[in-house]
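Written below as structure tokens is the structure these notes are about.
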Amino acid sequence: MDTYYPLKKVAQIFGDNNLKFSIEELERAGDIPASRKFRSGALFRNGWSKAELPLIGEKVGYFPKFSKSVALSVFTTKGGVLKSTLALNLARTAALHGLKTCVVGLDIQGDVTTALGYDFDIKPNSQLDEIIEKLDQTKGLNDLFAGQVSLEDIIVGTDLPNLFLIPETPELVALNDSLNNINRREFWLKEKVVAPLKNYFDIIIMDCSPNWNKLTTNALVACDSLISPLECKINNFRNFKVFSHFLKEFKNEMRLNFENVFIPTKFAPNKKLSSDIFTWYQENVEGCTSLGIKESVTAEEAMALNISILEHAGLKPIGRDMVTLMKEVHQRVESSLVNSNREFGHDQRILSAQKFNFNGARP
Ligand SMILES: Nc1ncnc2c1ncn2[C@@H]1O[C@H](COP(=O)(O)OP(=O)(O)OP(=O)(O)O)[C@@H](O)[C@H]1O
Ligand SMILES: [Mg+2]
Numbered sequence: 056m057d058t059y060y061p062l063k064k065v066a067q068i069f070g071d072n073n074l075k076f077s078i079e080e081l082e083r084a085g086d087i088p089a090s091r092k093f094r095s096g097a098l099f100r101n102g103w104s105k106a107e108l109p110l111i112g113e114k115v116g117y118f119p120k121f122s123k124s125v126a127l128s129v130f131t132t133k134g135g136v137l138k139s140t141l142a143l144n145l146a147r148t149a150a151l152h153g154l155k156t157c158v159v160g161l162d163i164q165g166d167v168t169t170a171l172g173y174d175f176d177i178k179p180n181s182q183l184d185e186i187i188e189k190l191d192q193t194k195g196l197n198d199l200f201a202g203q204v205s206l207e208d209i210i211v212g213t214d215l216p217n218l219f220l221i222p223e224t225p226e227l228v229a230l231n232d233s234l235n236n237i238n239r240r241e242f243w244l245k246e247k248v249v250a251p252l253k254n255y256f257d258i259i260i261m262d263c264s265p266n267w268n269k270l271t272t273n274a275l276v277a278c279d280s281l282i283s284p285l286e287c288k289i290n291n292f293r294n295f296k297v298f299s300h301f302l303k304e305f306k307n308e309m310r311l312n313f314e315n316v317f318i319p320t321k322f323a324p325n326k327k328l329s330s331d332i333f334t335w336y337q338e339n340v341e342g343c344t345s346l347g348i349k350e351s352v353t354a355e356e357a358m359a360l361n362i363s364i365l366e367h368a369g370l371k372p373i374g375r376d377m378v379t380l381m382k383e384v385h386q387r388v389e390s391s392l393v394n395s396n397r398e399f400g401h402d403q404r405i406l407s408a409q410k411f412n413f414n415g416a417r418p
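Per this note's numbering, the very first residue in the sequence shown carries number 56; after that it's consecutive.
So this is what it looks like as structure tokens:
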């Protein structure tokens, strides 16, 4: 059964209760689909189907299409720091705003594939041998690499009409190995996957594993902007230092000029150490966003429900933060596209100052 969204909920998803009036006006003017009656418990209410949300989002939202197609990679060399959460939230936010969106899963753990509700077409009452056959039938990037399928064959739909996915399959391990043995081994994803996808999609989002492997270096070469979570925890400092060093070297050696967007995550404002770390990131990490993602049970719930924080709790503090963050990321990505003709070599600095004076801790 299709889920329906009443006016108030739609306004919340797009981050502002007052949008109710604009949505009603657009409906009267025939600029968005007319709401329909649906059953909600014992009552009948008016609302829109999930498939209609992107038609409303592109009119009233805050995440418009970019001036050209854009590819984002979400990566840092630390596990559990909200990479997949960010990938899911970026993808659903973009799709809810009407952007044609494709997520490319590059992590063998398959978290973003699961979060987008891809179930390998397995029915709840399937037999084991049926399930195994279905799992074997799912084609992915490794099959594309082997020339057994075309790119269209591995793109699957999701619950939103304009949100698509290239699902992760266990054979990504083999692909990672195979990429080591070809010429232009860092460019395969860019040339064979992301460039053709850009002809059709407005935004491509790659969710990486925390490992520095061939799949991730391919994702770095293929992206216009890199989104890197920065966990607001003390043990992330050393990791960040090593990561930023590797990244800088890789960008220089590969002549890459993508934008770095660092996002503080799992920030606990009521803990002094967490607040100090957050402040340190903001003062010392070039490209750090002004807002972080706070530690939040609501956000965890959203991830468990396979939806974005906005769909789950648009008007709660975490939802409002998310709106501000998504706007900032959008603005950063768009301005980097505008400046993308700038000469290589500018903007290569990641640490803006080497002031390691935070509580005596040296990152
Ligand atoms: N705001 C939040 N605060 C605390 N936990 C969160 C928040 N948002 C999501 N989580 C939970 O944190 C866990 C790790 O998140 P996620 O899977 O996005 O990390 P990751 O960096 O992709 O991990 P991996 O390196 O394993 O791929 C998940 O269980 C997720 O539900
Ligand atoms: Mg992940």
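Each residue gets a CB set at the ideal place from its N, CA and C atoms; glycine is no exception.
- Put simply, the backbone Cα of residue 349 is about 7 Å away from that of residue 373.
- For residue 345, the closest of 384, 271 and 201 by C-alpha to C-alpha distance is 384.
- Between residue 168 and residue 218, the C-beta gap is not smaller than 8 Å, which leaves the two residues out of contact.
- By the Cβ criterion, the segment 104-114 is in contact with the segment 148-162, since at least three pairs of Cβ atoms, one from each stretch, lie closer than 8 Å.
- Secondary structure at residue 281: strand, using DSSP grouped into helix, strand and coil.
- Within the model, the alpha-carbon separation for residue 227 versus residue 94 is close to 44 Å.
- A straight line joining the alpha-carbon of residue 309 with that of residue 85 spans about 50 Å.
- Those residues that have a beta carbon less than 5 Å away from any non-hydrogen atom of ligand 2 are, in order along the chain, 138, 139 and 166.
- Between residue 173 and residue 105, the CB-CB gap reaches or exceeds 8 Å.
- Scanning 334, 367, 330 and 316 for the CA closest to the CA of residue 386 turns up 316.
- Distances from the CA of residue 118 to each of 259, 201, 69 and 302 were compared; the closest alpha carbon is that of 69.
- Contact annotation: residue 196 and residue 221 have beta-carbon atoms nearer than 8 Å.
- Look at residue 321: its beta carbon is less than 7 Å from one of the heavy atoms in ligand 1.
- Runs of beta strand (DSSP E) with 3 or more residues, each lying fully within the segment 217-297, are found at 218-221, 258-263 and 280-286, listed in chain order.
- Taking 3 residues as the shortest admissible run, the segment 113-141 contains the following complete beta strand (DSSP E) segments, listed from N- to C-terminal end: 125-129.
- Taken atom to atom, the span from the alpha-carbon of residue 142 to that of residue 378 is near 15 Å.
- In its chain, beyond the 5 residues on either side, 101, 102 and 103 have a beta carbon closer than 6 Å to the beta carbon of residue 90.
- In the structure shown, the three-state DSSP call for residue 322 is strand.
- Shown here, residue 188 sits in a helix according to DSSP, grouped into three states.
- Around the beta carbon of residue 66, 16 or more other beta carbons lie within 10 angstroms, which makes this residue buried.
- Going by beta carbons, residue 137 and residue 260 fall outside the 8 Å limit.
- For the pair residue 313 and residue 279, the CB atoms are nearer than the 8 Å cut-off.
- Boundaries of the alpha helix (DSSP H) harbouring residue 382: 372-393, taken from the DSSP string.
- For residue 224, the CB contacts under 7 Å within the same chain, skipping 5 residues up- and downstream, are 193, 195 and 197 in chain order.
- When secondary structure is reduced to three states using DSSP, residue 341 falls in the coil class, being assigned neither helix nor strand.
- If you look at residue 64, you'll find it isn't in any beta strand (DSSP E); it sits in the alpha helix (DSSP H) that goes 62-68.
- In this structure, DSSP gives residue 91 an extended state, which the three-state scheme calls strand.
- The C-beta separation of residue 381 from residue 170 comes to about 17 Å, leaving the pair out of contact by the 8 Å criterion.
- Out of 147, 124, 71 and 263, the CA that lies nearest to the CA of residue 166 is found in 263.
- Shortest gap from the CB of residue 376 to any heavy atom of ligand 1: 7 Å or more.
- Of 242, 389 and 150, the smallest CA-CA separation from residue 216 is found for 150.
- If you check the C-beta of residue 350 against ligand 1, you find a heavy atom less than 7 Å away.
- Ligand 1 approaches residue 135 closely enough that one of its heavy atoms is under 7 Å from the residue's Cβ.
- Setting aside the 5 residues that flank it on each side, residue 330 is surrounded in the same chain by 324, each with a C-beta closer than 7 Å to its C-beta; the list follows chain order.
- Measuring C-alpha to C-alpha distances from residue 327 to each of 183, 319 and 288 identifies 288 as the nearest.
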